[in-house]
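**Q** Using the working numbering, the letters of the sequence shown correspond one by one to residues 17 to 171. Each residue gets a CB set at the ideal place from its N, CA and C atoms; glycine is no exception.
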Amino acid sequence: MSSYRDLFLSETREHINNLNKLVVKLEKEPGDSETIDALFREAHSIKGMAATMGFNSTAQLSHHLEDLLDGFRATGHVPSETIDNLLSGIDLLEGLLDDLEADRTERSIAEFIDPGPAEETAEEALAESVLVAEAITDEEEQEEGLLVAVAIEDE
């Protein structure tokens, strides 16, 4: 088990470094879908490895970040106010990894996963982004429908 644990720690550290680099890139280009997808894959990899090893807090936090990033994949944009939240999540992942390397129990992630009302801005921003994207899509579909209806009438 020790060799698997060492491999997990090493690979997860690499994934966390990649997450940090990708977030910096995302700050410069918040609508870059390739960067958003790459962030999602990094979080997904950490989640799978942590779950396999039985590191529940690390798996749960990675899953939370993965869900957040999946929402951004749907909208194609990451609101600037959520970048700090992503960085805080990555910092917490790093802390969890430090705990595991030192053979300590994983620290609590409850505050990050379920923040108080004053800290829900990132998830509220995501929800608002999804609603805006859906409204734009609905408007485009309505316009297309009107254009088709006008074209049929003209025939």
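1. Quick check for students: name the residue ranges of the alpha helix (DSSP H) that lie wholly in the stretch 30 to 109, counting only runs of 4 or more.
2. Report yes if the CB atom of T121 is closer than 8 Å to the CB atom of D114, and no otherwise.
3. Pull up the CB-CB distance for S10 and L109, whole angstroms please, since I reckon it's below 8 Å.
4. By Cβ distance below 6 Å, which residues in the same chain neighbour E43 in space, the five residues on each side in sequence not counted?
5. Should S26 go down as buried or exposed, given a rule of 16 or more other Cβ atoms within 10 Å for buried?
6. For a test of the three-state rule: what should DSSP assign to A118, helix, strand or coil?
7. Need the endpoints of the alpha helix (DSSP H) that I129 sits in, please.
8. Within the same chain, show all residues whose beta-carbon is closer than 7 Å to that of L56, passing over the 5 residues directly before and after it, in chain order.
9. With 16 as the cutoff for other CB atoms within 10 Å, does N234 come out buried or exposed?
10. Taking the beta carbon of T68 as the centre, do at least 16 other beta carbons fall within 10 Å, making it buried, or is it exposed?
11. Below 8 Å on the Cβ atoms is my guess for F128 versus M65; work out the distance and round it to an integer in Å.
12. Using C-beta distances below 6 Å, list every residue in its chain close to L102, excluding the 5 sequence neighbours before and after it, in chain order.
13. Counting only C-beta atoms, is G47 closer than 8 Å to chain C at any point?
14. In or out: E58 buried (at least 16 other Cβ within 10 Å) or exposed?
**A** In terms of the structure at hand:
1. 49 to 69 and 72 to 91
2. Locating residue 121 in the sequence shown gives position 105, counting from the first residue. Locating residue 114 in the sequence shown gives position 98, counting from the first residue. Cβ atoms of T121 and D114: not closer than 8 Å.
3. Only positions 17 to 171 of the chain appear in the structure, and residue 10 is not among them; the question remains open.
4. Here residue 43 refers to the residue found at position 27 when the sequence shown is read from its first residue. Closer than 6 Å at Cβ, skipping near neighbours: I99.
5. Within the sequence shown, the letter at position 10 stands for residue 26. Its Cβ having fewer than 16 others within 10 Å, S26 is exposed.
6. Along the sequence shown, one-based indexing puts residue 118 at 102. Coil.
7. As a position in the sequence shown, residue 129 is number 113, starting the count at 1. Here the alpha helix (DSSP H) through I129 covers A126 to I129.
8. Numbered from 1 along the sequence shown, position 40 holds the residue referred to as residue 56. According to the sequence as given, residue 56 is Phe; it is not Leu. Closer than 7 Å at Cβ, skipping near neighbours: E82, L85, D86 and R89.
9. Not covered by the structure: residue 234. The range shown for the chain is 17 to 171.
10. The residue labelled residue 68 in the question sits at position 52 within the sequence shown. Flag for T68 reads exposed.
11. Here residue 128 refers to the residue found at position 112 when the sequence shown is read from its first residue. Here residue 65 refers to the residue found at position 49 when the sequence shown is read from its first residue. Their Cβ separation, rounded to whole angstroms, is 20 Å, which puts F128 and M65 out of contact at 8 Å.
12. For the purposes of this step, residue 102 is identified with residue 86 of the sequence shown, where counting begins at 1. Same-chain partners within the cutoff: V39.
13. Annotation note: the requested chain C is absent from the structure, which comprises a single protein chain.
14. As a position in the sequence shown, residue 58 is number 42, starting the count at 1. Flag for E58 reads buried.
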